Amino acid sequence: MHTHNRDSLRQALENQVGRLHQKINTLNQLSNRLSMARLGAFVGGLALVYLAGSFGPEWLFWLSLIGFIGGFWKLIREHNTIDETKERFKIWKAIRDTHLARLNLNWPNIPEKKSTIDYSNHPFARDLYLTGNHSLLQLMDTATYQGSTDQLAEYLLQREPNPQKVTERQAIVKELARQPQFRDSLHLRAELYKKQELENDWSLEELRQHLKDSKEVNYWLPLALLGSLSVLNIALLALYLTGVMDPYVIFTFVLYLVIYNFNSEKIAGLYEESYQIEKLLSQFNAVLHFLETNNYESDSNLKKFCAPFWSGDYSPSQYIKRIIRIAGAASSQQSEVIWALLNFLMPWDLYFSQKLSSYKQDLAPHLSDWIDHVYKLEAYCSMANFSWLNPHYNFALPDVNAAQPVKAEELGHPLIPEEQKVTNDVSIDEKGDILLITGSNMAGKSTFLRTMGINLAMCFAGAPVNATYFSTIPFRLFSSINVTDSLDDGLSHFYAEVKRLRALLDILNDDHETPVFFMVDEIYRGTNNRERLQGSEAFLKNVAGKNGVGLVSTHDLELAQLEESIPELSNWHFAETIEGSKMSFEYKLKPGPCPTTNALKIMEMEGLPT
């Protein structure tokens with residue numbers, strides 16, 4: 195359980211942001227002074243060296259030159275240290291600024307995160323605002339890597355929860371919720387090095403795919419031949435320079451160049467490959483080193499999950515440092531002069547191409563495992579941070595043996611500000627039950643359906659739910675709330691809804707062991723009253739008692755009479771009060787059919803004829 199509340203957390207974050215802002219300003223001033231000092235030291239140092247060389251003894255010139263270079267180098271290092279510290283503080287401040295934005299639902303200051311996976315045909319993603327702008331994914335996601343964002347989206351949008359996996363995931367999320375310093379430190383290291391990326395730099399996924407696609411090469415025969423010629427060239431050159439023999443080294447050197455030229459395609463692209471590997475692994479190594487050296491709580495779920503970073507016969511950071519060194523040596527092509535000297539002397543590039551190929555084969559499975567664990571860990575941290583920012587939310591697990599399919603107390607919507615939020619209690623007693631929800635325009639029917647759906651999605655992801663109590667069995671979620679027409683497919687709104695409800699009937703009749711929780715808003719809204727009533731009645735009779743439970747909202751009060759003929763159906767409603775020209779809504783779910791309507795009143799209030 196959290197020991198803080200939202201108000202105390204908000205105050206603490208605001209205080210931290212203020213202190214960090216002051217610290218950054220202080221470092222800015224110090225950096226500016228050091229810039230001026232560097233300019234003065236450079237001009238003054240050069241003048242001093244010139245005077246020492248012009249009017250003093252030679253030893254004084256060399257002494258002043260060494261002093262100038264050493265002093266100026268130390269000043270540069272100190273300035274760089276100040277700038278690096280300032281950059282770290284800026285990231286710390288940005289992290290806490292974003293925490294505050296998430297706490298206050300200040301959407302413009304919450305980074306928009308998008309999954310790279312296409313969820314356009316997902317059964318509930320769009321309806322429940324789980325992805326996209328101003329979505330739960332945007333509110334929750336604190337990840338640095340795109341793969342982590344995709345992983346979090348996958349957890350939130352899973353079509354069938356696995357109770358065991360949800361339990362394991364939630365155990366780690368709960369531990370991380372109590373460790374804000376760990377979460378922010380991991381975030382800091384990832385962000386600090388990600389800032390160094392250029393537009394054409396590889397991503398972790400591109401590196402993983404590159405290593406996966408790389409084929410092991412065998413250059414040992416040309417290496418042995420070129421290596422022997424290299425030794426012979428050096429020996430013959432030494433003998434020629436000492437006057438022992440004629441310059442036969444010319445013939446062996448030409449032979450060396452001819453053989454090297456025949457193998458030149460083997461080193462094509464070596465610089466670009468080694469540069470990308472060296473740069474990306476150097477950045478990722480900061481995250482790996484933090485995870486492998488962190489002091490985990492004994493026997494914690496987090497420690498067990500992070501075992502690939504600290505257990506085994508190899509250290510990830512040391513392992514990666516070796517391939518970074520090889521990649522660095524293989525990047526000699528960056529300088530034409532150095533490249534020529536090295537490769538004319540020995541088969542430098544060919545040797546390191548062979549060495550790099552061998553290490554890539556060895557690294558590929560390990561790196562893939564580390565990347566997957568980092569993605570999952572960042573997704574867990576996102577859910578843990580969400581819990582930390584909302585200490586009044588509670589964790590719940592899907593339980594196949596729960597006494598009721600769904601029971602919730604003080605259930606609220608996480609995307610509604612706390613000061614505007616109205617919570618509700620809801621209970622569904624048996625599988626096959628349907629809650630028919632009636633109510634006037636703007637009374638809260640659609641929001642309630644989304645509230646149920648989004649909290650079920652959070653529960654199945656392993657995140658906390660916006661309720662004081664929440665119990666549910668595992669469900670496959672399905673929604674028909676924000677159905678739109680499709681110009682590309684030539685579908686009207688009504689036909690798009692019909693296809694959606696047809697898909698719902700199919701999964702309700704598929705004999706799957708996991709029942710369906712479905713949400714249908716304003717059923718058959720796209721057709722006339724008579725056909726809407728007839729179709730809605732037939733639909734409700736068909737889905738009642740099937741392998742699932744559902745919430746169905748409607749404006750048609752006549753459908754409330756179905757409670758008498760469908761035992762699994764119960765009536766619920768949202769109501770409003772009208773006093774004079776003012777209309778107010780309670781947004782509270784109440785038993786029974788809605789006793790009032792407000793369409794004519796709204797028209798009248800807006801000056802339309804009624």
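Using my numbering, you'd call the opening residue of the sequence shown number 195 and step up by one each time. Just so it is clear, CB atoms sit at the ideal spot from N, CA and C, and this is done for glycine as well. Please read all numbers here as calculations on a predicted model, not as lab measurements.
Check: Cα separation between F283 and K217?; Outcome: 8 Å
Check: Three or more C-beta pairs closer than 8 Å, one from the stretch 648-655 and one from the stretch 336-350: is that the case here?; Outcome: yes
Check: Closer than 8 Å is the cut-off here; do at least three beta carbon pairs connect the stretch 756-772 with the stretch 617-635?; Outcome: yes
Check: For E624, count neighbouring Cβ atoms within 10 angstroms of its own Cβ and tell me buried if that reaches 16, exposed if not.; Outcome: exposed
Check: Leaving out five residues before and five after V659 in sequence, what residues of the same chain have Cβ atoms less than 7 Å from its Cβ?; Outcome: Y587, N588, A590, N649, M652, C653
Check: Using three-state DSSP, classify L745 as helix, strand or coil.; Outcome: strand
Check: Among all the DSSP beta bridges, which residues are the ones paired with L671?; Outcome: F711
Check: What residue ranges within the stretch 318-383 form continuous alpha helix (DSSP H) runs of no fewer than 4 residues, ordered along the chain?; Outcome: 330-334, 340-350, 357-371
Check: Considering only residues of the same chain and omitting the five flanking positions on each side of N723, which have a CB-CB separation below 8 Å?; Outcome: D750
Check: Tell me the residue span of the alpha helix (DSSP H) that contains F664.; Outcome: Where F664 is concerned, there is no enclosing alpha helix (DSSP H), although the beta strand (DSSP E) it sits in stretches over 663-666.
Check: Using a threshold of 8 Å, state whether the C-beta atoms of I628 and F672 are closer than that.; Outcome: no
Check: Just curious, the alpha helix (DSSP H) that T292 is in, first and last residue?; Outcome: 252-297
Check: If you pair each beta-carbon of the stretch 537-544 with each one of the stretch 454-464, do three or more pairs fall below 8 Å?; Outcome: yes
Check: Taking the beta strand (DSSP E) that G626 belongs to, which residues open and close that run?; Outcome: It is not in any beta strand (DSSP E) - G626 carries neither H nor E in the DSSP assignment.
Check: Whose CA, out of T748, G744, N736, E780, lies closest to the CA of S759?; Outcome: N736
Check: In angstroms with no decimal places, state the Cα-to-Cα distance between Y469 and R516.; Outcome: 14 Å
Check: Could you have a look at W504 and say whether DSSP puts it in helix, strand or coil?; Outcome: helix
Check: Identify which residue in G638, N579, K601 has its Cα closest to the Cα of H607.; Outcome: G638
Check: Would you kindly work out how many angstroms separate the C-alpha atoms of L734 and R372, rounded to a whole number?; Outcome: 46 Å
Check: Is it the case that the stretch 239-256 contacts the stretch 284-297, given that we only count it when at least three CB pairs across the two stretches are under 8 Å?; Outcome: no
Check: Taking contact to mean at least 3 C-beta pairs separated by less than 8 Å, is the stretch 425-433 in contact with the stretch 470-487?; Outcome: no
Check: Is it right to say T336 is buried, meaning 16 or more other beta carbons lie within 10 angstroms of its own, or is it exposed?; Outcome: buried
Check: Just how far apart, CA to CA, sit K409 and S342?; Outcome: 28 Å
Check: Excluding the five sequence neighbours on either side, which residues of its own chain have a C-beta within less than 6 Å of the C-beta of S698, listed in chain order?; Outcome: According to the sequence provided, residue 698 is Leu. The question's Ser does not apply to it. These residues qualify, in order along the chain: F672, F712.
Check: Going by DSSP, what residue range makes up the beta strand (DSSP E) through N455?; Outcome: Careful: N455 lies outside any beta strand (DSSP E), inside the alpha helix (DSSP H) at 443-456.
Check: Determine the direct distance from the alpha carbon of L496 to that of N489, and round the result to whole angstroms.; Outcome: 11 Å
Check: Kindly identify the DSSP beta-bridge partner or partners of T487.; Outcome: In DSSP, T487 forms no bridge with anything.
Check: So, for L382: in the same chain, excluding its five sequence neighbours on each side, which residues have a beta-carbon less than 8 Å away from its beta-carbon?; Outcome: R282, I285, W286, I289
Check: Assuming Q548 contacts L433 (C-beta within less than 8 Å), just tell me the rounded distance between them.; Outcome: Actually they do not touch by this definition, with Cβ atoms about 30 Å apart.
Check: For H706, tell me which candidate among L451, G326, G742, S581 has the shortest Cα-Cα distance.; Outcome: G742
Check: For the alpha helix (DSSP H) that F249 lies in, which residues bound it at each end?; Outcome: 200-249
Check: When burial is assigned at 16 or more other CB atoms within 10 Å of the CB, is Y663 buried or exposed?; Outcome: exposed
Check: Would you kindly report the start and end of the unbroken alpha helix (DSSP H) that includes H560?; Outcome: 542-583
Check: Candidates K570, A319, A501, S747: which alpha carbon is nearest R809's?; Outcome: Residue 809 cannot be examined here, being either before or after the span of the chain that is shown, 195 to 804.
Check: Excluding sequence positions up to five away, which residues of its chain have a Cβ less than 7 Å from the Cβ of D682?; Outcome: Any reading at D682 must be qualified, since the residue scores a pLDDT of 41, below 50, and its modelled position is unreliable; no value is offered.
Check: Between R377 and C500, which are expected to be in contact by the criterion C-beta below 8 Å, what is the C-beta distance as a whole number of angstroms?; Outcome: Not a contact, Cβ separation roughly 13 Å.
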